[in-house]
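Start counting the sequence shown at -8; every next residue gets the next number (this note's numbering).
Backbone N, C-alpha and C fix where the C-beta goes; we use that ideal spot for every residue, glycine too.
Here is the structure we will look at, set down as structure tokens.
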Amino acid sequence: MDNGTRILVVDDEKVVRDGCRRVLTGKGYDVTCSENGQEALDLLEKTEMDVILLDLKMPIMSGEEVLERTRACCPDIPVIIITGHGTVDTAVECMKRGAYDFITKPFQIEQFLLTVGRAAEKRRLGREAQRLHEENIRNLYDLDLEKSRLKTIINCMANGVLVTNRNLEVVLHNPALMRLLEIAAPLENPVPLSKILDADAFAETLRTIQSGDSGEGGVFSQELNVGKKAVRAISAPALGRQGRIAGTVTVLEDITAFKQLDQMKSDFVNMVAHELRSPLVSIRQQNSVLLEGLAGPLQKKQEQFISRGMQKIDALLELINDLLDMAKIEAGKAVQHQVPTDVCEIISEMVAFIEPRAREQQVSLNYSCNNLKPIQADPKRIGELFNNLITNAINYSPNGGKVSITAEGRGEYMEIKVSDTGVGIPESELPKIFDKFYRVKSPKTRQVMGTGLGLSIAQGVVEAHRGTIDVESEVDKGTTFRILLPVVPEA
Ligand SMILES: Nc1ncnc2c1ncn2[C@@H]1O[C@H](COP(=O)(O)OP(=O)(O)OP(=O)(O)O)[C@@H](O)[C@H]1O
Ligand SMILES: [Mg+2]
């Protein structure tokens, strides 16, 4: 029943040893016998035992002494004293000195087995307690190690780390954050966020994250100005027990250098574009003079060459204008003159302007307006917006395609859709098409000339009017761009 429990029987009487061995082995115990104390102690040094049955009266070394030395070397092994009727007092004395129990000779088998069984169980429980204790210590050690590892990582990070609790107090931060925010003195813990970072929009973001209805895994990215620095803050909910939001974690990166580089690049592109435009415009004018025959009649071949050159000049001028527009949009100067604007009129003008091109490609073009009121807008930019979207719709449609534009007033905003029945855009490309210079690479669009700026400009114009633009598309079926523009009520 108690398989594998190791029992050491120490008795000088062979008959007792044999009797114990027989009875205990029969019950599945693993029994070893010694005929004197010294032999038993030597054995204990080499072999692990679970229970010891110990006779008191033995030659060479008395049972009391063996008990004493066993208690000293292996205090966890229960010792059961074997005693005759006459020496019960001594056995009781032994128990005071640490023996687990005693049994009197001659043994009553049942009693004997019960006592040994209890001792074996005590030993098993003792071992189990010891194992749990060791495991506990190991877990605590691992936890401590993990904590110290995390702490080292956070402290060595080049980016600032900021953890807040539910009261928007900072409960954890790292040295990089102190450097980023230029804080010299140690912070109290916790410290209110507003004391170290004066950014209402950021605090608002953290509150939204805490409210738990921020969607998308609750991760927010925003740019902040901290003193003269530009900082990107990426924030996410910190989850506590049972997955409840216990606060927020933010990683802050100093992007001042990137911003400066970006500005330098924009300035450079702007400058180059400006410098290129004036000579190009003058070359175009001179070519026009030639083409109109004002400098003498042209032969057919000459006219052809100059016409082709003019097309290239026009494409270059278009690119330069796009670059300059982009620079203006990025500088926030794209939409400066907002006036009450009739969007339907602009759409109709654009459609009339682009119609010949559509016809060339056998694409039908139609539009409808419904329930529109004038909006505050920059008519030139809105024209540019439709030019880009309608041109795309035609360019990326095969012959025989259809392009339709609908504009509808819907109370506080108007909804404009530009739909085509063209080649469509694969889903994986959709998030990228509004990026500057991004063009979908596919055999179906390769023959279309372009720079990939049209949609970035379109998006810039819409956002400058506090609107939104999004796209839905299905490959080989068609694409729809949807714009929402706010309608400001008349004063
Ligand atoms: N209506 C559309 N149907 C299919 N693909 C489109 C459509 N509109 C845009 N695209 C895809 O998105 C890309 C980006 O469009 P965008 O207008 O920004 O640049 P472009 O047309 O390539 O060049 P340009 O700057 O001259 O307009 C295009 O290259 C094209 O692959
Ligand atoms: Mg385009």
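For residue i, count the other beta carbons within 10 Å of its own beta carbon; 16 or more makes it buried, fewer makes it exposed. Which is it?
i       : result
Asp411  : buried
Thr78   : buried
Leu80   : In the sequence under discussion, the amino acid at residue 80 is Asp, which differs from the Leu named in the question. Classification of Asp80: exposed, given that the 10 Å Cβ count is below 16.
Asn130  : exposed
Asp316  : buried
Met(-8) : Only weak support is given to the placement of Met(-8): the predicted model assigns it a pLDDT of 47, under 50, and the value that follows is read from those uncertain coordinates. Flag for Met(-8) reads exposed.
Ile144  : exposed
Asp46   : buried
Thr16   : exposed
Asn146  : exposed
Val330  : exposed
Met40   : buried
Cys24   : buried
Ala322  : exposed
Gln201  : buried
Thr(-4) : buried
Asn379  : buried
Tyr387  : buried
Arg299  : exposed
Met405  : buried
Leu58   : buried
Asp369  : buried
Val512  : Nothing about residue 512 can be reported from this structure: the residues present for the chain run from -8 to 482 only.
Glu266  : exposed
Cys64   : exposed
Gly402  : exposed
Glu125  : exposed
Arg140  : exposed
Pro69   : buried
Ala120  : exposed
Asp467  : exposed
Phe103  : buried
Ser464  : buried
Arg114  : buried
Leu171  : buried
Leu116  : exposed
List the DSSP bridge partners of residue i.
i      : result
Gly151 : Leu243
Lys393 : Ser355
Pro477 : Tyr404
Asp67  : The partner list for Asp67 (beta bridge, DSSP) is empty, contrary to what the question assumes.
Ser273 : None; Ser273 has no bridge partner.
Ile94  : Ile73
Ser214 : According to the sequence shown, residue 214 is Glu rather than Ser. Bridge partners of Glu214: Arg223.
Pro288 : BP columns for Pro288 are empty, so no partner.
Glu126 : Per DSSP, none; premise fails for Glu126.
Gly238 : Asn156 and Ala229
Ala398 : Cys360 and Ile407
If residue i sits next to residue j, beta carbons under 8 Å apart, how far is it from one beta carbon to the other, in whole angstroms?
i      : j      : result
Ile304 : Arg275 : 5 Å
Tyr20  : Ile43  : The pair is not a contact, with the Cβ atoms about 12 Å apart (cut-off 8 Å).
Val0   : Arg8   : 6 Å
Ile385 : Cys360 : Between Cys360 and Ile385 the Cβ distance is about 20 Å, and since that is not below 8 Å, they are no contact.
Val154 : Ala229 : 6 Å
Thr332 : Ile381 : With a Cβ gap of about 17 Å, Thr332 and Ile381 do not count as contacting.
Gly443 : Tyr429 : 5 Å
Val210 : Glu244 : Not confirmed; about 14 Å, so no contact.
Val326 : His456 : 6 Å
Asp3   : Glu26  : 5 Å
Val272 : Leu314 : 15 Å between Cβ atoms; not a contact.
Ile94  : Ile71  : 6 Å
Leu356 : Val334 : Their Cβ separation, rounded to whole angstroms, is 17 Å, which puts Leu356 and Val334 out of contact at 8 Å.
Ile320 : Ile448 : 6 Å
Thr247 : Lys220 : 5 Å
Leu168 : Val152 : 6 Å
Ligand 3 and residue i: does any heavy atom of the ligand fall closer than 7 Å to the residue's C-beta?
i      : result
Ile424 : The model on display carries ligand 1 and ligand 2 but not ligand 3.
Uninterrupted alpha helix (DSSP H) stretches inside the region -5 to 62 (no shorter than 4 residues):
5 to 17 and 28 to 37
Which residue spans inside the region 133 to 207 form an unbroken alpha helix (DSSP H) run of at least 4?
166 to 171, 184 to 187 and 191 to 202
Name all residues in chain order for which at least one heavy atom of ligand 2 lies closer than 7 Å to the residue's CB.
Asn379, Thr382, Asn383, Asn386, Gly441, Gly445 and Leu446
Going along the chain, which unbroken runs of the alpha helix (DSSP H) with 4 or more residues stay wholly within the region 326 to 390?
334 to 351 and 370 to 386
As an exercise, report each continuous alpha helix (DSSP H) stretch of at least 4 residues that is fully enclosed by the region 406 to 474, in chain order.
445 to 455
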